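Worksheet: the structure to be examined is printed underneath.
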Ligand SMILES: [Zn+2]
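Numbering (this note's numbering), first residue to last: 44 to 317.
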């Protein structure tokens with residue numbers, strides 16, 4: 044069987060986690076958070092960074108909105124331990140001395156958390172997304188099993204299948220990608236999985252009758268392991284099934300032949316087209 048050119052194998056890629064939320068745990072009393080509205084022009088981020096650094100304030104978090112508009116929102120958290128300036132003075136300096144800064148405020152604070160009042164909603168590829176935290180994930184993967192018993196994994200797979208069909212419409216059909224663009228589709232899948240924090244595709248091979256790809260750290264299996272659920276992927280497997288059924292317009296069977304929940308190094312999916 045001929046192995047097509049989309050084959051790629053990634054070595055051990057070093058991962059760096061990324062804090063997305065604007066809630067920053069305030070473990071130290073010396074942390075202060077500021078929200079700025081600035082003109083969207085080059086050098087402003089540098090100027091803000093310079094001001095903090097010159098006064099020995101360690102920036103522990105820095106987020107800004109998309110720079111597609113005339114102005115941008117910035118959320119910055121500084122640790123003032125050992126700093127040569129007070130939070131009140133840096134507040135004044137941000138307002139008075141950094142050109143392009145239009146507005147400065149202390150960020151909202153509830154209990155031990157700072158949060159941004161501006162950085163909302165969250166988008167990926169210009170489309171609104173919402174995040175699923177531990178409660179949502181546990182409810183979906185563990186709670187559903189507790190409440191529905193044996194039916195739960197099948198229901199999860201069905202939901203996944205519908206999601207896969209929608210994924211096809213949003214990302215593939217809209218780009219006129221068809222089965223002849225399989226290498227591109229697999230690349231796109233890799234991008235989506237890493238962008239949404241779902242896992243890292245380490246290998247993708249397609250031959251005439253099937254596709255094999257391996258995902259490192261797939262969230263569903265990762266959480267099964269963590270929650271003590273003895274199962275391999277159901278929801279994500281359903282998504283792949285729905286997605287590739289739509290791509291091939293044929294019946295496909297998806298099997299997870301290796302799983303981190305069965306002591307495998309990665310989760311390996313084999314997709315057969317009939
Ligand atoms: Zn797995």
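Even glycine gets a Cβ: it sits at the ideal position worked out from N, Cα and C.
Predicted model only: the values in this text are computed from it and were never measured.
Coarse secondary structure for residue i, derived from DSSP in three states
| i | result |
| --- | --- |
| residue 68 | strand |
| residue 173 | coil |
| residue 46 | In this prediction, residue 46 scores a pLDDT of 41, lower than 50, which makes its location untrustworthy; the coordinate-derived value is nonetheless stated afterwards. DSSP places residue 46 in coil when its eight states are reduced to three. |
| residue 277 | coil |
| residue 116 | strand |
| residue 61 | coil |
| residue 128 | coil |
| residue 51 | Because the pLDDT of residue 51 is 46, which lies under 50, any placement of that residue in the model is unreliable, and the question is left without a value. |
| residue 84 | coil |
| residue 290 | helix |
| residue 305 | helix |
Close beta carbons around residue i, own chain, < 7 Å, minus the five adjacent residues each side
| i | result |
| --- | --- |
| residue 205 | 285 |
| residue 330 | A question about residue 330 goes unanswered here, because the residues of the chain that appear run from 44 up to 317. |
| residue 220 | 227 and 228 |
| residue 260 | 242 and 243 |
| residue 147 | 77, 79, 134, 137 and 138 |
| residue 127 | 98 and 99 |
Per DSSP, cross-strand counterpart(s) of residue i
| i | result |
| --- | --- |
| residue 151 | 158 |
| residue 122 | 74 and 101 |
| residue 183 | Looking at the DSSP assignment, residue 183 forms no beta bridge with any residue, so it has no partner. |
| residue 300 | Beta-bridge pairing links residue 300 to no other residue. |
| residue 259 | 243 |
| residue 295 | 316 |
| residue 349 | No answer is possible for residue 349: the residues shown for the chain start at 44 and end at 317. |
| residue 254 | 249 and 314 |
| residue 79 | 117 and 147 |
Residue nearest to residue i in terms of C-alpha spacing, selected from the options
| i | options | result |
| --- | --- | --- |
| residue 125 | 100, 152, 164 and 224 | 100 |
| residue 67 | 152, 82 and 84 | 152 |
| residue 314 | 268, 178 and 249 | 249 |
| residue 255 | 186, 174, 225 and 133 | 225 |
| residue 184 | 160, 279 and 86 | 279 |
| residue 167 | 181, 235 and 157 | 235 |
| residue 307 | 275, 281 and 122 | 275 |
| residue 149 | 140, 160 and 270 | 160 |
| residue 82 | 130, 64 and 117 | 117 |
| residue 73 | 130, 312 and 291 | 130 |
Close beta carbons around residue i, own chain, < 6 Å, minus the five adjacent residues each side
| i | result |
| --- | --- |
| residue 176 | none |
| residue 187 | 195 |
| residue 289 | 208 and 211 |
| residue 180 | 266 |
| residue 95 | 102 and 121 |
| residue 282 | 203, 206 and 207 |
| residue 233 | 244 |
| residue 87 | 81 and 143 |
Beta-carbon contacts of residue i that lie in its chain and below 8 Å, excluding the five residues immediately before and after
| i | result |
| --- | --- |
| residue 293 | 316 and 317 |
| residue 155 | 68, 69 and 70 |
| residue 51 | Note that residue 51 scores a pLDDT of 46, beneath 50, so its modelled location is shaky and nothing firm can be said. |
| residue 263 | 184, 276, 277, 278 and 279 |
| residue 303 | 260, 261, 264, 265, 268, 309 and 310 |
| residue 200 | 277, 278, 280, 281 and 284 |
| residue 305 | 275 |
C-beta neighbour in chain B for residue i, strict 9 Å
| i | result |
| --- | --- |
| residue 267 | Checking the listed chains, one finds no chain B in this structure; it contains a single protein chain. |
Tell me the start and end of each unbroken alpha helix (DSSP H) in the region 207-252 that is at least 4 residues and wholly inside, in chain order. Listed in chain order, the complete alpha helix (DSSP H) runs (minimum 4 residues) inside the region 207-252 are 225-238.
Under 5 Å, CB to nearest heavy atom of ligand 3: contacting residues: Among the ligands modelled here, namely ligand 1, ligand 3 does not occur.
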